[in-house]
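Each residue of the sequence shown is one higher than the one before, counting from 680 in my numbering.
Idealized CB from N, CA, C, for every residue including glycine.
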Amino acid sequence: MSRAHLMVSDPNVRTQLQLAGLRFMWSRARWLASEAHSMGVGLKSGRLTSRDVDARLEQMGALDLVYPELMRGYE
């Protein structure tokens, strides 16, 4: 499917879709910040281990944000 099939030609509908997408992105960013803060506090206090944090990061699909060099293929 090409992107041309996904375009919205009505400018008002397009604006509403963009606003909805931006609200979703903003709420996700706040959730991610909250999760990162919670894990950081837990790790620093000893309530969470490094393994616990790695497991949560893996669940969230965020390991590549923390360990980018491990996620690249080595040549």
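- The three-state secondary structure of ARG726, taken from DSSP, is coil.
- Here the alpha carbon of ARG735 sits roughly 21 Å from the alpha carbon of TRP705.
- Take GLU748, set aside five residues on each side of it, and no residue of its chain has a beta-carbon closer than 7 Å to its own.
- Boundaries of the alpha helix (DSSP H) around VAL745: 742-745.
- Within 10 angstroms of the beta-carbon of MET686 lie fewer than 16 other beta-carbons, which makes it exposed.
- In the structure shown, ASP731 falls within a helical segment according to DSSP collapsed to helix, strand and coil.
- Between the alpha carbons of MET739 and ASP689 lies a gap of roughly 36 Å.
- Judged by DSSP in its simplified three-state form, MET704 adopts helix.
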